[in-house]
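Peer 1: Take a look at the following structure, please.
In the numbering used here, the protein residues as written are 866 to 1310.
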């Protein structure tokens, strides 16, 4: 494929080849001077850094929803907050926090991993695809899956990367035997095995389901046997949904939630996390956990593209996490889980009242979405004019499939709507489906 082999973990035989693009990247020459900034009393005449005394902010005060104040008035922090992101892997105090946090939650069994701070999972996904995929390589993708990731693959597919779907099983996630069968079909067809599999482990988008730990291990074992890397996109990890009001009180211990990183003995997992789903998407901060050579490739790519996550966002997020401590973060996550859990139960209850006999669905266990399949509807895109007329909008299922073909499903997002709007929106959906059932098809005016 033209790939240059950079390194290989001989203990597990992980496929550690970089793409032709990533292999050609070199560290930014200007960035190689950055460590000299830490020399005491250094006279810096190198990089084009604006002086701190021209920056506009002399103090930053934020008030949280709990009424706590986050005050940034330390001159060094104010300088970092307003200056370029000097460290391409990310703001060092935040990286240190993320490494401790990752170790606590996932305890990766290999010792070679590190983290890179990103501008969120969209940024990270594109960088990982670029780092690993060359023309002729094969990537396996859950089908259905997140449309933005699939769209990111389209230009790569046009350049010769083979994008192959793996159909989800009846439980809403890929299954080990299906993955093995597809991998073997790929080898028979293309003469080369898949290089990478893309999975959303928890709160799968669009189905809202999560992989049990046993399934994660089975899939990991298949990837070892077939010598595949795993891109684990897990932004919904923190949004575990209590299934009842009784479960809300205890909260959900994230230490018991499965991940591929937690079983990664041979460095084949590249894991994506994000602040977007549990702090705020406007921060545009995520992080990638992986080992070299992928880690270095992502650092070099960051140096030459985004230059890293916003310094302002990184400093403010770190100060928030520092002030909260573990207790404050746990309190915030439990509040988030309770609110999302109530909305998920409200959406499922509304479906019971208004969609019985018209659609099927499974109550989500994690994330922001519920996947509905309409009875007697060939393509839910055909229903969009009538749904818009009824002033309710869902995402047609075809958006989530690689071939964008006809689908009888919808994705419903319960996260941003009130419980009252969920009730009303599902009622309006039911009216449209009832009309379609009675007339035999959508009626466009």
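Built from N, CA and C at the ideal position, the CB exists for glycine as well.
Quick caveat, the model's predicted, so the values are computed rather than measured.
I'd like to know whether the C-beta atoms of residue 1292 and residue 1219 end up nearer to each other than 7 Å.
Peer 2: yes
Peer 1: Locate the beta strand (DSSP E) running through residue 1236, then write down its first and last residues.
Peer 2: 1234-1239
Peer 1: Could you tell me the boundaries of the alpha helix (DSSP H) in which residue 1020 lies?
Peer 2: 1012-1023 is the span of the alpha helix (DSSP H), which, as asked, contains residue 1020.
Peer 1: Give the single residue among 1216, 1247 and 1183 whose Cα lies nearest to the Cα of residue 927.
Peer 2: 1183
Peer 1: Whose C-beta lies closer than 8 Å to the C-beta of residue 982 among residues of the same chain, with five residues either side of it excluded?
Peer 2: 954, 955, 956, 959, 960, 963, 1150, 1151, 1152, 1173, 1174 and 1179
Peer 1: Do residue 972 and residue 1130 have their CB atoms nearer than 7 Å?
Peer 2: no
Peer 1: Please state if the CB of residue 1018 and the CB of residue 1031 are separated by a distance shorter than 7 Å.
Peer 2: Their beta carbons are not under 7 Å apart, which means residue 1031 does not touch residue 1018 by this criterion.
Peer 1: What are the complete alpha helix (DSSP H) segments, minimum 4 residues, inside the stretch 880-916?
Peer 2: 885-889
Peer 1: In chain order, what residues of the same chain lie with their CB nearer than 6 Å to the CB of residue 1103, ignoring the 5 residues before and after it?
Peer 2: The answer, listed in chain order, is 1143 and 1198.
Peer 1: Pull up the distance between the alpha-carbon of residue 1314 and that of residue 1045, whole angstroms please.
Peer 2: Past the edges of the chain, shown from 866 to 1310, lies residue 1314, and the structure says nothing about it.
Peer 1: Can we say the stretch 912-921 touches the stretch 939-951, given the rule of at least three CB pairs closer than 8 Å?
Peer 2: yes
Peer 1: Do the CB positions of residue 1297 and residue 1252 come within less than 7 Å of each other?
Peer 2: yes
Peer 1: Ignoring anything shorter than 4 residues, give me the alpha helix (DSSP H) runs that lie fully in the stretch 1069-1100, in order along the chain.
Peer 2: 1078-1091
Peer 1: Looking only at C-alpha atoms, which of 890, 1248, 1068 and 1165 sits nearest to residue 1038?
Peer 2: 1068
Peer 1: Using only CA atoms, which one of 1042, 1054, 1024 and 1013 lies nearest to residue 1065?
Peer 2: 1013
Peer 1: Check whether the Cβ atoms of residue 1094 and residue 1054 lie closer than 7 Å to each other.
Peer 2: no
Peer 1: Between the C-alpha atoms of residue 951 and residue 1154, what's the straight-line distance to the nearest angstrom?
Peer 2: 20 Å
Peer 1: With 7 Å as the threshold, decide whether the Cβ of residue 1003 is near any Cβ in chain C.
Peer 2: Absence of chain C from the displayed structure is noted, only one protein chain being present.
Peer 1: Let me make sure I understand the geometry here. Which of 1158, 1217 and 1236 has the alpha-carbon closest to that of residue 1259?
Peer 2: 1236
Peer 1: Suppose only complete runs of 3+ residues qualify. What are the beta strand (DSSP E) ranges in the stretch 1162-1240, listed by chain order?
Peer 2: Here the runs fully enclosed are 1224-1226 and 1234-1239.
Peer 1: Tell me the rounded alpha-carbon separation between residue 1336 and residue 882.
Peer 2: No answer is possible for residue 1336: the residues shown for the chain start at 866 and end at 1310.
Peer 1: Would you mind sorting residue 1202 into buried or exposed? The rule is 16 or more other CB atoms within 10 Å of its CB.
Peer 2: Taking a 10 Å sphere around the C-beta of residue 1202, we find 16 or more other C-beta atoms and assign the residue as buried.
Peer 1: Given this structure, state the Cα-to-Cα distance separating residue 1007 from residue 1186, to the nearest angstrom.
Peer 2: 34 Å
Peer 1: Can you find the residues in the same chain that come closer than 8 Å, C-beta to C-beta, to residue 1166, ignoring five residues on each side of it along the sequence?
Peer 2: Taken in chain order, the residues that qualify are 887, 890, 992, 995 and 996.
Peer 1: The beta strand (DSSP E) spanning residue 1290 covers which residue range?
Peer 2: Unbroken run through residue 1290 is the alpha helix (DSSP H), 1284-1304; no beta strand (DSSP E).
Peer 1: So, residue 1168 versus residue 893, is the Cβ gap smaller than 7 Å?
Peer 2: Cβ atoms of residue 1168 and residue 893: closer than 7 Å.
Peer 1: Which residue from 1062, 1099, 1193 and 1206 puts its Cα closest to that of residue 929?
Peer 2: 1193
Peer 1: Is the beta carbon of residue 1273 closer than 7 Å to that of residue 1238?
Peer 2: yes
Peer 1: Which parts of the stretch 1247-1289 are runs of the alpha helix (DSSP H), unbroken and 4 residues or longer, counting only runs that do not cross its ends?
Peer 2: 1249-1254
Peer 1: Is the distance from the Cβ of residue 1232 to the Cβ of residue 1073 below 7 Å?
Peer 2: yes
Peer 1: Can you tell me whether residue 1156 is helix, strand or coil according to DSSP?
Peer 2: strand
Peer 1: Rounded to whole angstroms, what is the Cα-Cα separation between residue 984 and residue 1222?
Peer 2: 44 Å
Peer 1: Determine whether the beta carbon atoms of residue 1209 and residue 1279 lie at a separation below 7 Å.
Peer 2: yes
Peer 1: Name the DSSP beta bridge partners of residue 1151, please?
Peer 2: In the DSSP secondary-structure assignment, residue 1151 is bridged to 983 and 1139.
Peer 1: Report the rounded CA-to-CA distance for residue 877 versus residue 1246, giving the unit in angstroms.
Peer 2: Low local confidence applies: a pLDDT of 38 at residue 877 is under 50, so the model's placement there is unreliable, with the coordinate-based value given in what follows. If I take the Cα positions, the gap works out to 46 Å.
Peer 1: Classify residue 990: buried if its beta carbon has 16 or more other beta carbons within 10 angstroms, exposed otherwise.
Peer 2: Counting the other Cβ atoms within 10 Å of the Cβ of residue 990 gives 16 or more, which makes it buried.
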